[in-house]
Ligand SMILES: C[S@@+](CC[C@H](N)C(=O)[O-])C[C@H]1O[C@@H](n2cnc3c(N)ncnc32)[C@H](O)[C@@H]1O
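Numbering (UniProt numbering), first residue to last: 1 to 395.
Here it is in structure tokens:
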């Protein structure tokens, strides 16, 4: 117990003044100091079980039921709603409680907690199902595929680990087009996977640049201009953010994506347009927008595909070379000490896309490899995910 008391004191001392994420990391490190090798085996070896039991709880609407009720619910009440066997529900609930996902408050009786209320929300349930439907099956195949490939990562779209797991040669987003349930879950994941408190618009001098470019264009900031185009913008959250933060800025705000993604999205507000655009095809917007914006798009693609995407945007920029920019909003993997949040996404990119997360140096090389483009400035706006907004201009 002395060891534990010392650990708690060290933890409290180490956590002083740290960010929330750093404190979480310290808490994990603290737990690890308490674990025996058998504990470690239990934690790591059974890590998939939490995914499985969460999936079951979602199918059986256990989180929603508990979160909606004012008081606790019994196994019998929860089973009645789904028609499932009471003894089965009792075992699932017991497991959920052991993982801290619901609270056991009496014999066979449970109350909601923070985790329950998270998965009671449709957006988080959908996001979780994206992992179950689109990510985990491919991760299960990763060791064998890499062994078969002599431990070389594949960069061939159509021959990824996911392709093998799903028995298709379609690139992931083409596969999604044919599987609306998977497409919807992927869209929900993109809406909530990271904390909204970190906002690129707090770091990038957006309004200042709009004023400068408007002056260069030699016209008033009119409603005919295109202010902002989110390329591969999914549900259009970033367009809405631009409108909310700068309600006084004129010009069209456009969210582009595949038809199937836009159809799965809730209708946009009046001041945001939806436009179907395949980013591997030439841009259909006729004049250069002030900003093309790409968030978490290029990390899905190997270098040669990124060059194609950026080349089409460059062609549009050339219509107003001094007053149009591309903003790339992506992780810039730290050369040392990357967080789990960063490495998680990098492994998704390896498995699903034959792509990767890139360091700032790799971003610079990639942008520089597109004829006529240069990465001019970059702004870090979130440390845990190492998020960076990078400004790209005509060289
Ligand atoms: C990882 S998501 C990022 C979404 C959004 N930018 C965000 O940060 O939440 C990648 C997006 O690219 C879109 N996408 C994939 N292939 C596309 C294509 N060929 N043309 C246009 N959009 C595409 C997907 O539908 C998806 O919305």
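Glycine included, each C-beta is placed from N, C-alpha and C at the ideal position.
- In terms of CA proximity to residue 186, 129 leads the group 129, 146, 393, 252.
- Given a length threshold of 3 residues, each whole run of the beta strand (DSSP E) inside the region 58 to 138 is given here in chain order: 103 to 106, 109 to 111.
- Straight-line measurement puts the Cα of residue 375 at about 16 Å from the Cα of residue 205.
- Bridge pairing for residue 250: absent [DSSP].
- Taking 7 Å as the cut-off, the C-beta of residue 258 counts as close to a heavy atom of ligand 1.
- Two segments are said to touch when three or more pairs of C-beta atoms, one from each, lie closer than 8 Å; by this definition the region 91 to 101 touches the region 52 to 62.
- Taking a 10 Å sphere around the C-beta of residue 143, we find fewer than 16 other C-beta atoms and assign the residue as exposed.
- Taken from the Cβ of residue 261, at least one heavy atom of ligand 1 lies inside 7 Å.
- Distances between the C-beta of residue 279 and the heavy atoms of ligand 1 include at least one below 7 Å.
- Residue pairing from DSSP places residue 328 in a beta bridge opposite 294, 390.
- At least one heavy atom of ligand 1 lies less than 7 Å from the C-beta of residue 297.
- Residue pairing by DSSP places residue 377 opposite 391 in a beta bridge.
- Contact check for residue 139 and residue 351: beta-carbon distance about 6 Å, within the 8 Å limit, so the pair qualifies.
- Only residues of its own chain outside the window of five on either side were considered, and among them none has a CB closer than 7 Å to the CB of residue 361.
- For residue 173, the distance from the CB to the nearest heavy atom of ligand 1 is below 7 Å.
- Residue 310 and residue 391 do not touch by the CB rule: their CB atoms are close to 13 Å apart, not below 8 Å.
- Each of 377, 127, 22 was checked against the Cα of residue 188, and the nearest Cα belongs to 127.
- The C-alpha of residue 176 is placed about 30 Å away from the C-alpha of residue 382.
- Residue 337 counts as exposed, since fewer than 16 other C-beta atoms from the protein chains shown sit within 10 angstroms of its C-beta.
- The DSSP-derived three-state label of residue 382 is strand.
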